[in-house]
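Numbering-wise, the sequence shown is residues 1 to 184 according to the UniProt record's numbering. All residues carry an ideal CB built from backbone N, CA and C; glycine is no exception.
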Amino acid sequence: MENIKKLLNDIRTNIVVALTILILLNACAPVKVPDYATPVTNFDLNKYVGKWYEIARLDFKHEKDLNNVTAEYTLQEDGSVKVLNRGYNYKKNNWEEAKGKAKFLGGTSLGALKVSFFGPFYAGYNVVALDEDYNYALVFGQKTAYMWILSREKTIPDSIRTRYVEKAKAAGYNVENLVWTEHD
Numbered sequence: 001m002e003n004i005k006k007l008l009n010d011i012r013t014n015i016v017v018a019l020t021i022l023i024l025l026n027a028c029a030p031v032k033v034p035d036y037a038t039p040v041t042n043f044d045l046n047k048y049v050g051k052w053y054e055i056a057r058l059d060f061k062h063e064k065d066l067n068n069v070t071a072e073y074t075l076q077e078d079g080s081v082k083v084l085n086r087g088y089n090y091k092k093n094n095w096e097e098a099k100g101k102a103k104f105l106g107g108t109s110l111g112a113l114k115v116s117f118f119g120p121f122y123a124g125y126n127v128v129a130l131d132e133d134y135n136y137a138l139v140f141g142q143k144t145a146y147m148w149i150l151s152r153e154k155t156i157p158d159s160i161r162t163r164y165v166e167k168a169k170a171a172g173y174n175v176e177n178l179v180w181t182e183h184d
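Laid out in structure tokens, this is it:
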């Protein structure tokens with residue numbers, strides 16, 4: 001009977017180890033640009049860095065209950081980008097922030113990056129629409145659960161808002177679930 005208990009315990013341990021390895025391998029899988037996200041070409045990081053206001057997003061746990069959300073991008077000497085996301089949690093009555101880094105997936109003239117807020121784990125960040133003056137941006141994540149509309153100002157013209165929402169809808173995003181970020 002003891003041998004059977006030990007055998008079952010060993011099997012459970014092996015299953016847990018195997019599942020953990022699979023989860024880690026999946027999390028460390030290379031970031032790719034999804035088929036529905038065509039990043040902008042002739043991307044100029046020097047124009048893109050700086051402060052952006054989040055106009056809309058598809059909500060997820062790290063941004064839940066946040067308003068006054070901003071993203072600040074700073075070019076680093078090694079070519080990577082320092083990321084600082086901030087937002088006010090109106091339910092907890094406090095500011096929250098997340099620090100991360102972004103790197104280009106390929107060449108620097110393509111708006112396809114990967115961003116990490118948790119060590120070696122990266123997610124896709126694809127700038128798929130951008131006006132000529134770098135005032136408004138539409139960003140698709142690696143999955144259709146992640147999407148942002150950004151602006152250099154706290155508002156966005158209706159024409160750009162409509163164009164970006166239509167582009168997201170055509171790419172398969174559920175735009176009915178967009179959260180329109182409030183800014184004070």
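| query | result |
| --- | --- |
| Nearest to V115 by alpha carbon, out of Q142, E182, S109 and E96? | Q142 |
| Go ahead and label W148 buried or exposed: buried means 16 or more other beta carbons lie within 10 angstroms of its beta carbon, across all protein chains shown. | buried |
| Can you tell me where the alpha helix (DSSP H) holding V165 begins and where it ends? | D158 to A170 |
| Can you tell me where the beta strand (DSSP E) holding L88 begins and where it ends? | At residue 88 the sequence reads Tyr, which differs from the Leu that was named. Y88 -> beta strand (DSSP E) spans V81 to N89. |
| Taking C-beta to C-beta, are A102 and Y125 nearer than 8 Å? | yes |
| Between which two residues does the alpha helix (DSSP H) holding N93 run? | Counting along the chain, N93 falls outside any alpha helix (DSSP H), and DSSP gives it neither H nor E. |
| How many angstroms separate the CA atom of L113 from the CA atom of F104? | 4 Å |
| I need the straight-line Cα distance from T70 to S151, nearest angstrom please. | 9 Å |
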